[in-house]
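Protein chains: 2
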Amino acid sequence: METADGAAPATPRGAAPGPGPGSAFLLSQLGAHAAMAFADRIGALDLTPPQTGLLRAVAAAPGQSQQALATMLGTPPSRLVALVDQLGERGLVERRRNPADRRLHALHITSAGEKLLRRIADVGREHDDALCAALDDGERATLRALLQRIADEQGLTPGVHPGYRKV
Amino acid sequence: METADGAAPATPRGAAPGPGPGSAFLLSQLGAHAAMAFADRIGALDLTPPQTGLLRAVAAAPGQSQQALATMLGTPPSRLVALVDQLGERGLVERRRNPADRRLHALHITSAGEKLLRRIADVGREHDDALCAALDDGERATLRALLQRIADEQGLTPGVHPGYRKV
DNA sequence: GTCAGATCGTTACGAATCGTAACGATTCAC
DNA sequence: GTGAATCGTTACGATTCGTAACGATCTGAC
Numbered sequence: 006m007e008t009a010d011g012a013a014p015a016t017p018r019g020a021a022p023g024p025g026p027g028s029a030f031l032l033s034q035l036g037a038h039a040a041m042a043f044a045d046r047i048g049a050l051d052l053t054p055p056q057t058g059l060l061r062a063v064a065a066a067p068g069q070s071q072q073a074l075a076t077m078l079g080t081p082p083s084r085l086v087a088l089v090d091q092l093g094e095r096g097l098v099e100r101r102r103n104p105a106d107r108r109l110h111a112l113h114i115t116s117a118g119e120k121l122l123r124r125i126a127d128v129g130r131e132h133d134d135a136l137c138a139a140l141d142d143g144e145r146a147t148l149r150a151l152l153q154r155i156a157d158e159q160g161l162t163p164g165v166h167p168g169y170r171k172v
Numbered sequence: 006m007e008t009a010d011g012a013a014p015a016t017p018r019g020a021a022p023g024p025g026p027g028s029a030f031l032l033s034q035l036g037a038h039a040a041m042a043f044a045d046r047i048g049a050l051d052l053t054p055p056q057t058g059l060l061r062a063v064a065a066a067p068g069q070s071q072q073a074l075a076t077m078l079g080t081p082p083s084r085l086v087a088l089v090d091q092l093g094e095r096g097l098v099e100r101r102r103n104p105a106d107r108r109l110h111a112l113h114i115t116s117a118g119e120k121l122l123r124r125i126a127d128v129g130r131e132h133d134d135a136l137c138a139a140l141d142d143g144e145r146a147t148l149r150a151l152l153q154r155i156a157d158e159q160g161l162t163p164g165v166h167p168g169y170r171k172v
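The listed protein sequences derive, respectively, from chains A and B.
The numbering used here puts the first residue of the first sequence at 6, with every later residue one more than the last.
The numbering used here puts the first residue of the second sequence at 6, with every later residue one more than the last.
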């Protein structure tokens with residue numbers, strides 16, 4: 006089903022399209038496709054995309070409180086609880102009580118978590134490569150640069166992205 | 006919350022990133038952002054993205070059966086029912102009984118639907134323009150071309166895209 | 001001509017997910 | 001020392017979606 010359109014006139018007949026689909030539609034179309042493909046890949050590691058995102062966030066900024074992570078990721082704190090529980094049960098992340106403020110749960114990645122993170126990085130590279138199979142190295146660099154400029158101008162926080170859905 | 010990662014090493018410290026985020030992560034990040042922004046815009050027309058997608062699909066290929074549309078859009082037929090109902094109540098689309106096969110409901114867009122579709126196209130152009138504000142015309146064309154090549158190579162059906170979520 | 005099987009749209013139901021709001025525990029301001 | 005504020009957690013409601021059954025209609029074999 007469609008979701009984020011903004012596509013062009015739709016070229017009712019098979020005729021020659023004028024401008025074709027706009028960048029925005031292509032972006033959301035490819036973005037959804039990329040998200041699904043990535044979800045499939047990390048599914049082999051028994052991870053969902055939200056779990057992966059949280060793991061990366063914890064690794065990137067260790068010792069953060071759940072509240073801080075929630076605001077950074079743009080999610081309600083209640084959602085983090087279940088996520089941290091899941092990762093905690095698998096020994097990938099641990100909650101450390103802060104002696105100075107016993108309300109806070111400082112989150113840290115474990116060695117098992119770091120190990121898994123390296124595999125995730127591999128999967129990410131494979132994913133990236135498969136997605137850009139149509140482009141050579143120079144074109145990929147050009148694409149990255151253009152996308153990065155848009156992301157900057159649109160005020161997107163690097164490394165975090167607006168939530169999609171569950172898996 | 007994160008969803009489709011595949012981002013690079015995450016550059017734990019503020020140091021100089023090597024390659025930075027991969028294209029796949031940027032794509033899904035920007036794709037989600039674009040989808041949400043577009044949903045906001047057409048929300049002003051009291052439309053959800055799925056409704057918009059269906060309206061465009063009906064306009065692009067009038068007379069299709071719901072079953073045909075369902076397979077084309079990659080959605081279960083039961084989902085189309087509610088969507089068509091919603092659009093039908095507003096007089097944007099109508100179900101015409103096929104006399105030759107009274108099981109089929111041929112879907113057609115009404116004049117009100119076409120009128121709204123033109124406003125949607127305007128919104129889409131504005132959306133596209135706002136999203137690519139960081140790029141000049143030449144760069145936008147380059148971006149579109151690169152994205153289109155990826156979309157083709159990945160086998161994405163033009164004009165339809167993998168479903169995100171509700172609104 | 002009729003009867004079994006298939007197809008289409010619809011409805012009913014169950015499962016999953018998410019966000020809001022309340023709840024204890026703890027800390028900070030005064 | 002007392003009240004307000006903060007953190008993590010839990011409970012609950014609302015929404016959405018897909019699978020599976022259901023009636024209506026058509027097709028084909030006999």
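We put the CB at the ideal spot given by N, CA and C, even for glycine.
Residue i and residue j closer than 8 Å at C-beta
i: B:V89; j: B:L112; result: yes
i: B:L32; j: B:Q56; result: no
i: B:A39; j: A:F43; result: no
i: B:G68; j: B:L97; result: no
i: B:T147; j: A:L35; result: no
i: A:A37; j: B:H132; result: no
i: A:P81; j: A:Q72; result: no
i: B:L136; j: A:R154; result: no
i: B:A138; j: A:E144; result: no
Backbone CA spacing between residue i and residue j [nearest angstrom]
i: A:G58; j: A:A156; result: 18 Å
i: B:E192; j: B:I114; result: Lying outside 6 to 172, the shown extent of chain B, residue 192 of chain B is not represented and no answer is given.
i: B:G79; j: B:D51; result: 24 Å
i: B:G129; j: B:D142; result: 17 Å
i: B:M41; j: A:S116; result: 36 Å
i: A:D127; j: A:A105; result: 38 Å
i: B:G48; j: B:P54; result: 8 Å
i: B:A65; j: B:E94; result: 20 Å
i: A:R149; j: A:R107; result: 43 Å
i: A:D134; j: A:R101; result: 37 Å
i: B:M77; j: A:K120; result: 42 Å
8 Å CB neighbourhood of residue i in its chain, flanking five on each side removed
i: A:R61; result: L122, I125 and G164
Close beta carbons around residue i, own chain, < 7 Å, minus the five adjacent residues each side
i: A:G109; result: Residue identity check: residue 109 of chain A is Leu in the sequence provided, not Gly. Closer than 7 Å at Cβ, skipping near neighbours: S70 and N103.
i: B:T162; result: none
Where residue i sits in the DSSP three-state scheme
i: A:G19; result: Model confidence at A:G19 stands at a pLDDT of 35, short of 50, so the residue's coordinates are unreliable; what they give is reported in the following sentence. Looking at A:G19 - three-state DSSP - the assignment turns out to be coil, as it is neither helix nor strand.
i: A:A138; result: coil
i: A:D63; result: Correcting the residue identity first, residue 63 of chain A is Val in this sequence and not Asp. Residue state, collapsed to three classes: helix.
i: B:A40; result: helix
i: B:T57; result: helix
i: B:L148; result: helix
i: A:H166; result: coil
i: A:Q34; result: helix
i: A:A49; result: coil
i: A:Q153; result: helix
i: A:G160; result: coil
i: B:G143; result: helix
i: B:A29; result: helix
Beta-carbon proximity list for residue i, same chain, < 6 Å, skipping 5 on both sides
i: B:A9; result: Unreliable placement is indicated for B:A9, whose pLDDT of 44 sits below 50; no coordinate value is reported for it.
i: A:K171; result: For A:K171, the predicted model reports a pLDDT of 36, less than 50, meaning its position is unreliable; a value from the coordinates is still stated below. The answer is none, since no qualifying residue turns up.
i: B:A75; result: P82 and L85
i: B:R46; result: V128 and H132
i: A:V63; result: V98, L112 and I114
In chain order, each beta strand (DSSP E) run of at least 3 residues that lies wholly inside the stretch 65-130 of chain A: 98-102 and 110-114, all fully within the stretch 65-130 of chain A.
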